[in-house]
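Working notes for the structure below.
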Amino acid sequence: MKIQMGLLFALALLGGCKEGEHHSPPPPPPQALIDYALIDSYGVDSDYDPGVPLVIDPYVEAGVFEVFWEVRYAEPYRFYLSMGETPYIDDSLRVYERRCGPGRACNLDGYALCQYRTDFTLACENGPWVDMLPIIYKVPQDVYLFAEICGPDGCHSRRLPVQMY
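Taking the UniProt record's numbering, the leading residue of the sequence shown gets 1, the next gets one more, and so forth.
Here's what the structure looks like:
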């Protein structure tokens, strides 16, 4: 009797399947910052050497460092780079902003060349020099460098720990 009931239950489940049913394609993925990397003053690449501390030093390679990002997003978005002494982006100081998306130089990926000078100012690309003294209290100072993308659906960010000299 148990076997017969089990077979009836299995047949009832299989009878509910519809082979001819078509499903609509999944919705497009949400915006996401899928990669964010930094090459520091010493040439350390956070993508290839994730365990090596990152250092930005104005006395090494003139304080030049590079930022790379990759996104999954099909709409125009803004890319922001900011730095803060806490791991919270809301406490950070914005140092760079760029409009990106379809038809722009930074569509699904982007790059920024930045420089940190001995007078504690920082700039990326042709942007303005930003005074970093509000977050640099001592040398060296441990900070976080945030990358953030924002579009109509909200914002997504990542951070990297960096030591500033």
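For every residue, glycine included, the Cβ atom is placed at its ideal position computed from N, Cα and C.
- Message: Taking the beta carbon of G63 as the centre, do at least 16 other beta carbons fall within 10 Å, making it buried, or is it exposed?
- Response: The residue in question, G63, is buried, as its Cβ has 16 or more Cβ neighbours within 10 Å.
- Item | Beta-carbon proximity list for F120, same chain, < 6 Å, skipping 5 on both sides | The answer, listed in chain order, is M132, L133 and I136.
- Are there three or more Cβ pairs, one per stretch, closer than 8 Å when the segment 121 to 131 is compared with the segment 101 to 110? A contact between stretches requires three or more CB pairs, one per stretch, nearer than 8 Å, and the segment 121 to 131 fails this requirement with the segment 101 to 110.
- Message: Assuming the contact rule is C-beta atoms closer than 8 Å, R78 and C150 should be a hit. Round their C-beta distance to whole Å, please.
- Response: A Cβ-Cβ separation of about 5 Å places R78 in contact with C150 under the 8 Å criterion.
- Presumed contact (8 Å Cβ cut-off) between Y116 and P58, rounded CB distance: About 5 Å separates the two Cβ atoms, so the contact holds.
- Task: Please name the residue or residues paired with S82 in a DSSP beta bridge.
- Result: R94 and F146.
- Item | Cβ-based burial, S24 [other Cβ within 10 Å; buried from 16] | Per the 10 Å Cβ criterion, exposed.
- I89 - DSSP class collapsed to helix/strand/coil: Looking at I89 - three-state DSSP - the assignment turns out to be helix.
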